[in-house]
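Protein chains in written order, with my numbering: chain A, 1 to 122; chain B, 1001 to 1087.
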């Protein structure tokens, strides 16, 4: 089964690393978006199995993007993971309190990202 | 070198080039800009094996968030600039 992963980050370098990393898993298909608004628009027409959101983005940040996605998709929203360099316990809890499935700390090991994402899907 | 290894090497090279640009920006940056640079590097540098720069960036970001004195922030910023130029 193909796992469609949507990764949202304003940093081009990280989008490319994520695309490469997740591409190591032959069952994963990756779509990257450079902004929260682009992700909201894209997910209206292209269902995903999981969404990874950078937290700090200009304009619509990660939490705002998540809120917009929740409003549009409700219970059909796929699991969302926040990706952030700020992983103090209070930060992580705040993201989980929003309803996120989990948090991936940056920097992450590109060679392990696909497995990490799979683990959150199980 | 495998395709993925080549791709990662190319991404790392581009990252290093951008670090030189970040080093230039640090010199005249205010706290807000330093925080932006530091946050980006703290989340990215480790992916390219630049752990020392990433750790420095995280420390700088933490100092700014904690409203540390200007001298402390400046010292961390200067150290980060040096690490970026040494990459």
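The beta-carbon is built from N, C-alpha and C at its ideal position, and this holds for glycine as well. Since this is a predicted model, take the numbers as computed values, not measurements.
Exercise. Can residue 81 of chain A and residue 6 of chain A be called in contact, C-beta distance under 8 Å?
Worked result: The sequence position of residue 81 of chain A within the first chain is 81, counting from 1. The sequence position of residue 6 of chain A within the first chain is 6, counting from 1. Going by C-beta atoms, residue 81 of chain A is not nearer than 8 Å to residue 6 of chain A.
Problem set entry | residue 23 of chain A beta carbon less than 8 Å from that of residue 70 of chain A | Counting from 1 along the first chain, the entry for residue 70 of chain A is found at position 70. Counting from 1 along the first chain, the entry for residue 23 of chain A is found at position 23. Contact flag unset, no.
Exercise. Beta carbon of residue 1011 of chain B, beta carbon of residue 16 of chain A: below 8 Å?
Worked result: Numbered from its first residue, the second chain carries residue 1011 of chain B at position 11. Numbered from its first residue, the first chain carries residue 16 of chain A at position 16. In this structure, residue 16 of chain A lies closer than 8 Å to residue 1011 of chain B by Cβ.
Exercise. Among A:122, A:121, A:107, A:120, which residue has its Cα nearest to the Cα of residue 18 of chain A?
Worked result: Along the first chain, read from residue 1 onward, the residue named residue 18 of chain A stands at position 18. Taking only the C-alpha atoms, the option nearest residue 18 of chain A is A:107.
Exercise. Which ranges would you report for the alpha helix (DSSP H) in the segment 1046-1078 of chain B if only whole runs of at least 4 residues count?
Worked result: 1051-1065
Exercise. Which word fits residue 1083 of chain B, buried or exposed, when buried means at least 16 other C-beta atoms lie within 10 angstroms of its C-beta?
Worked result: Translated into the one-based positions of the second chain, residue 1083 of chain B becomes position 83. It is buried - the Cβ of residue 1083 of chain B has at least 16 other Cβ atoms within 10 Å.
Exercise. Which stretch, first to last residue, makes up the beta strand (DSSP E) that contains residue 53 of chain A?
Worked result: By one-based count along the first chain, residue 53 of chain A stands at place 53. Its beta strand (DSSP E) spans residues 50-54.
Exercise. Is the beta carbon of residue 55 of chain A less than 8 Å from the beta carbon of residue 31 of chain A?
Worked result: Within the first chain, residue 55 of chain A is the residue found at index 55, counting from 1. Within the first chain, residue 31 of chain A is the residue found at index 31, counting from 1. Against a cut-off of 8 Å, the Cβ pair of residue 31 of chain A and residue 55 of chain A comes out as no contact.
For this session: Starting from residue 17 of chain A, find everything on chain B with Cβ-Cβ shorter than 7 Å and list it in chain order.
Result: Start at 1 with the first residue of the first chain, and residue 17 of chain A comes out as number 17. The contacting residues are 1011, 1047.
Exercise. Of all Cβ atoms in chain A, is any one closer than 8 Å to the Cβ of residue 984 of chain B?
Worked result: Residue 984 of chain B lies beyond the residue range present for chain B, which begins at 1001 and ends at 1087; the question has no answer from this structure.
Exercise. Which one of B:1046, B:1060, B:1077, B:1026 has the shortest CA to CA distance from residue 14 of chain A?
Worked result: Counted from its first residue, the first chain places residue 14 of chain A at position 14. It is B:1046.
For this session: Could you round the C-beta distance between residue 1044 of chain B and residue 110 of chain A to whole angstroms and report it? I think they count as a contact, below 8 Å.
Result: Taking the second chain and counting its residues from 1, one reaches residue 1044 of chain B at position 44. Taking the first chain and counting its residues from 1, one reaches residue 110 of chain A at position 110. Residue 1044 of chain B to residue 110 of chain A, Cβ: 11 Å. No contact.
Exercise. With DSSP run on the structure shown, which of helix, strand or coil describes residue 64 of chain A?
Worked result: Here residue 64 of chain A is taken as the residue at index 64 of the first chain, counted from 1. In the structure shown, residue 64 of chain A sits in a helix (DSSP, three-state: H, G or I).
For this session: Please report how far the alpha carbon of residue 112 of chain A lies from the alpha carbon of residue 21 of chain A, in whole angstroms.
Result: The residue you call residue 112 of chain A lines up with position 112 of the first chain. The residue you call residue 21 of chain A lines up with position 21 of the first chain. In a straight line, the C-alpha of residue 112 of chain A is about 8 Å away from that of residue 21 of chain A.
Exercise. At a CB-CB cut-off below 7 Å, which residues of chain A make contact with residue 1040 of chain B?
Worked result: In the second chain, the residue the question calls residue 1040 of chain B occupies position 40. Here the neighbours are 11.
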